Amino acid sequence: MLSPHEIATLMLLNSNEHRLESLDPDVLALRHYELVEVRDRGGTTALQISARGRDLLKRLGMDAAH
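Sequential numbering of the sequence shown, starting at 47, is according to the numbering used here.
Printed below as a string of structure tokens:
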């Protein structure tokens, strides 16, 4: 089960891509559950929500389309 902070972090990442500056415990948990991915974008490392993360938000009614 995800904590409220982890769900909030997932929602924040869904709203836009964030540059990776540190891996806090919420992000580490989301990575563990394969809900976010770390991407290298031309020398910049960024967090991106995964397909699994988007699916979870959609099932919770919190996807960006709403």
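Ideal placement from N, C-alpha and C gives every residue a C-beta, glycine not left out. The structure presented is a predicted model; accordingly, all values stated were derived computationally and were not measured.
The residues His51, Glu52 and Thr55, in chain order, have a CB closer than 7 angstroms to that of Asp72 in the same chain once the five nearest residues on each side in sequence are set aside. For Leu69, the closest C-alpha among the options Gly107, Asn62 and Gln94 is that of Gln94. Here Asn62 is exposed: its Cβ has fewer than 16 other Cβ atoms, across all protein chains shown, within 10 Å. Residue state for Asp72 is assigned as helix, using DSSP reduced to three classes. Between the alpha carbons of Leu59 and Ser49 lies a distance of about 15 angstroms.
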